[in-house]
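Residue numbering for the sequence shown follows this note's numbering, beginning at 331 and increasing consecutively.
All C-beta atoms in this analysis are idealised placements derived from N, C-alpha and C, irrespective of residue type, glycine included.
Computed from a predicted structure; not experimentally measured.
Only one structure is covered here, and it is reproduced in the block below.
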Amino acid sequence: MFWLILSLLSAFFESVKDLFSKKSLKNIDVYTVSLSFWLFSFPIILIALLITGIPEIKPGFWPILIVIGIIGPISHVLYMKAIGSSELSIVLPVIAFTPLFLLILSPIIVGEFPNLLGFVGVILIVFGSYVLNIKEKSKGYLRPFKMLLTEKGPRLMLIVAFIWALGANFDKIAIKNSSPIFYALCINIIFIIVLSILTLLKSKNPLGIMSSNLKILVPIGFFGGLGFITQMIAINMAYVSYVISIKRLSVIFGVLIGYFVFKEKNIKERLLGSIIMILGTLLIALS
């Protein structure tokens, strides 16, 4: 049962990271915030690698690293833009669409096919996304779905969910050819390099902004790093699908943070929709 505690901690750390990200994006550009996440999580992941050691690296590792190095920074910037442009309680649950996209992509990329539980999980995720915006039903029965495409935050997060679903399959291949923590450190380094270039091009005086906002930027990387480490330890103790499903509870924590910290409205519908989507995710994980 210790893996369950670690998975819950991972979900909690993820939601705290989102809290600091949301707060920082009020005054800081998305590129500086994105770079801060990877920069300040680097020491924690490096310490974890020093403890676990460097694994044997197989040839299949490097091509995947290049692919993720390209699509990963894009998804992270879009993730921060989504959080910054809409309420947490409406954008974070959209991440639950990731397993839906996985059901489409996994058979193509890694040859994994869903069963009945998987399809029921998809239905729950779609239904949950409808409940999130059910108050908009008065403007038309399809209006709750249309908001996912017309409202900036949910639309961006939907793109992120697709990229993460694509990346998750590549992650699986890369980890099989190395180790989770070594792979994470390599990704971390690539993200820092790419995002440093983007930040220098897009942001004005990023070093000055970063140094004067350490109190809010350091926790983003710190809690993000802790979330990753607890996740990796849990994965060593239980099935990956179970751990990731529990970690998706960060969505519910995020909705509650949106309500209590940022005073977001329609909490009942958004919390119910989030719970339904999480149940769908769990069913897909168990399928």
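Where does residue i sit, in a helix, a strand or coil, going by DSSP?
i, result
"Lys388", "coil"
"Lys534", "coil"
"Met331", "coil"
"Ala564", "helix"
"Asn518", "helix"
Give a yes or no on whether the minimum CB-CB distance between residue i and chain E is below 7 Å.
i, result
"Gly383", "The structure shown contains no chain E; it is built from a single protein chain."
Are there 16 or more other CB atoms within 10 angstroms of the CB of residue i, so buried, or fewer, so exposed?
i, result
"Ala480", "A quick correction: the sequence has Thr, not Ala, at residue 480. By the 10 Å Cβ count, Thr480 comes out exposed."
"Trp368", "buried"
"Ile582", "buried"
"Lys352", "buried"
"Asn518", "buried"
"Ile335", "exposed"
"Gly390", "exposed"
"Ser542", "exposed"
"Pro373", "exposed"
"Phe592", "exposed"
"Phe431", "buried"
"Met487", "buried"
"Leu531", "exposed"
"Phe370", "buried"
I'd like to know whether the C-beta atoms of residue i and residue j end up nearer to each other than 7 Å.
i, j, result
"Leu274", "Leu454", "Beyond the ends of the chain as shown, which are 331 and 617, falls residue 274; an answer cannot be given."
"Leu408", "Val524", "no"
"Lys577", "Ser345", "no"
"Leu422", "Gly584", "yes"
"Leu349", "Ile511", "no"
"Ile606", "Gly458", "yes"
"Ser354", "Ile546", "yes"
Minimum length 4: unbroken alpha helix (DSSP H) runs contained in the segment 572-600: The segment 572-600 contains these whole alpha helix (DSSP H) runs: 580-590.
Uninterrupted alpha helix (DSSP H) stretches inside the segment 334-422 (no shorter than 4 residues): As far as the segment 334-422 is concerned, its whole alpha helix (DSSP H) runs of at least 4 residues are 360-382, 391-415, 418-421.
Beta strand (DSSP E) segments (min. 3 residues) lying fully within the segment 476-512: none
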